[in-house]
Each structure stands twice: as structure tokens, then as C-alpha cells.
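Here the sequence shown is numbered in UniProt numbering, starting from 1 and rising by one per residue.
Right, one structure below, let's go through it.
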Amino acid sequence: MIPACPLAALPRGEALRIETDPPIAVFHTEDGELYAVDDTCTHQDASLADGWLEGCEVECPLHASRFDLRTGQVDAPPAKLPVRTHQVVVRDETVYVVPSDLPPNLPPGVRTGSA
């Protein structure tokens, strides 16, 4: 598990970026739910943590692709591939992310340090 932040440091409606490889974005919805996805849009290299959170969707700040935070699925083009999702755990008022074992769907030209 990767420690992300104290729960109190991530207000509802906000997101934060964890500098992993590839980076992960943690979202705290207005409803109080916590989600984590890879922090790179699958269409082009843009941080989803910098996007707009509405309900359980995040809109990429670059070309407005939308992703469902629960499943990673694309809800609006130009992105075609889903983002990888990660499990979020809260223990002792700290937010942790359990990274997925699946390979990431990164945009063309973006590589991980292990690739």
C-alpha cells in the first residue's frame, strides 16, 4: 500500500497526484467516496488530477475526455482506452492506494520507468 495523505488533507471535490510510476490520482467525490486511477489521460499526456470532477467522473483538462472513476471506462472521446483503477483504503484517517497489477493504458509516446 502506498500512503497518499491524511484524509483531512483531501477535501471533498478535490484530487491529488501521487508521484508513482506511472503517477496515480486520488479523488474525493462530493459524496465522500474515494477513487484512484492512473493520473495520465489515455489520449494524450495530461494529468487527470488537474481535471474537473463531477459525480464519479473526471474530465481531462486537455481535450475533455471523461472517465468513470469507478471502472476507468471512457465516457467521452477523444480517448478510447480506459484508465487503470486502483483500490483505495482508509486506515487510521490516512488514505492509502493499493496499486493494480494490470498494465497501464498510457497515451502514445509515454513510457513508465519500468518499460
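Cβ atoms here follow ideal geometry from the backbone N, Cα and C, with glycine treated the same way.
Here the structure is a predicted model, which is why all the values come from computation and not from measurement.
How far does the beta strand (DSSP E) with residue 86 in it reach, from first residue to last?
-> Here the beta strand (DSSP E) through residue 86 covers 85-91.
Buried or exposed: residue 69, going by 16 or more other Cβ atoms within 10 Å of its Cβ?
-> In this structure residue 69 is buried. Its beta-carbon is surrounded by 16 or more other beta-carbon atoms within 10 angstroms.
In three-state terms, what does DSSP make of residue 48?
-> In the structure shown, residue 48 adopts helical secondary structure according to DSSP, grouped into three states.
Check whether the Cβ atoms of residue 12 and residue 30 lie closer than 7 Å to each other.
-> Going by C-beta atoms, residue 12 is nearer than 7 Å to residue 30.
Reduced DSSP category for residue 16 - H, G, I as helix; E, B as strand; rest coil = Look at residue 16 here: in three-state DSSP terms it is strand.
Could you check which residue in 48, 62 and 3 has the C-alpha nearest to that of residue 56?
-> Residue 56 has its Cα closest to that of 48, out of 48, 62 and 3.
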